[in-house]
Every structure is written in C-alpha cells, then in structure tokens.
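Shown next, in structure tokens, is the structure this report addresses.
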Amino acid sequence: MTTKRRNNIISTIHRVVTSEHGENYSINGCAKYVMECLGEKNYDYWFFTGITGDLFTQHYSYTNFVAESVSDYLFEEDPARFVEETFAKCGYAATFVSSEELKNNTDMYLQMLTEYIYRGIPVIGGNMRNVFVGYEDYGKVLLQLTTLYKSKL
Numbered sequence: 008m009t010t011k012r013r014n015n016i017i018s019t020i021h022r023v024v025t026s027e028h029g030e031n032y033s034i035n036g037c038a039k040y041v042m043e044c045l046g047e048k049n050y051d052y053w054f055f056t057g058i059t060g061d062l063f064t065q066h067y068s069y070t071n072f073v074a075e076s077v078s079d080y081l082f083e084e085d086p087a088r089f090v091e092e093t094f095a096k097c098g099y100a101a102t103f104v105s106s107e108e109l110k111n112n113t114d115m116y117l118q119m120l121t122e123y124i125y126r127g128i129p130v131i132g133g134n135m136r137n138v139f140v141g142y143e144d145y146g147k148v149l150l151q152l153t154t155l156y157k158s159k160l
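Heads up, the sequence shown is in my numbering, so the first residue is 8 and it goes up one at a time.
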C-alpha cells in the first residue's frame, strides 16, 4: 500500500522553452523537459524539433487555424497519434488523454498524475503547452510550468 503525500513537487524546475537560445516551440520544449526528468540527456529540444519536423519545415495556413509550428498542425489533426509516435521514436510509450476522457475519469487520471509526479516524472498537459510538476493538498491544487506568457501592453 502506498501512502499518498499531501504535497509534492519535482526537484528539476526551470523554464521549459528558452527563447533566447532559439527555442520557440512549446511541444518540443515540454517533450525535452519530460525526457530530462527521466534522465535522458540525448533527447533534447533540438532532437524533438527534428523528429516533429519543426526544425526543417516552414508552415503556412490555408485556413483560419493559427499555430506556431508544424507539430501544432499534426497535434490538431490527431493528438493521440502525434503524442504516441513522437515518444515512440525515443523508445518510450506515451498516452494522450482527451478532455472527454479526463472528465469521465477525473479521479483515476488525477491519481495517475500524482503518481507520476511522486516518481519525479512531469506530465504534459494543455495541448502540450505546459507540464504539471507538482501538487498540493493531495492533488486538489496542481502546479505547472507553462510555455505561454502574457505581455503587458
């Protein structure tokens, strides 16, 4: 029987995307961060921009869909396939959980999320724009790092 901790946070906390180093794509930054926490040093930001095509491809939308990268288009088209194939290229399994699945099984997925964090593994969320890195009050409060920012006008 495992005892659930009231509060927990991953020890490796830093920015997920470092734009002044040329890192511009959230999806690749989040994937790199997870691999870093797993101890995988070879799967860095630039590795993920290569396997997602973001490093090599310019993209232009013929629709009203606005995205920052090719991986955004691929994620929008089939998120489960995109996530699974991206991590499979590193030899890891990954599962995409849709909003509907999350709503239908909130307690189960919250328990899974807190277990991963307890083991030091962040969980990617928010259309691959943030990583959950901790929790408080047994998971009632989730702590995250985000790649999005607001600028003051």
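From the three backbone atoms N, C-alpha and C, an ideal C-beta is built for every residue, glycine too.
DSSP beta-bridge partners of residue i
i, result
"Y142", "N15 and L149"
"G132", "N137"
Inter-residue CB distance, residue i and residue j (contact presumed, cutoff 8 Å)
i, j, result
"T121", "S33", "That pair is no contact at about 23 Å."
"I17", "C44", "6 Å"
"Y80", "A87", "About 15 Å; that fails the 8 Å criterion."
"M135", "C37", "5 Å"
"Y40", "V138", "6 Å"
"Q151", "G127", "The pair is not a contact, with the Cβ atoms about 16 Å apart (cut-off 8 Å)."
"R12", "Y125", "7 Å"
Check whether residue i and residue j have beta carbons under 9 Å apart
i, j, result
"Y116", "E107", "no"
"T93", "S105", "no"
"Y52", "V24", "yes"
"F82", "E91", "no"
"N15", "Y99", "no"
"E30", "C97", "no"
"S76", "N35", "yes"
Where are the alpha helix (DSSP H) runs, 4 residues long or more, that stay fully inside the segment 64-100, in chain order? 77-84 and 86-95
Taking three-plus beta-carbon pairs below 8 Å as touching, is the segment 46-61 in contact with the segment 137-154? no
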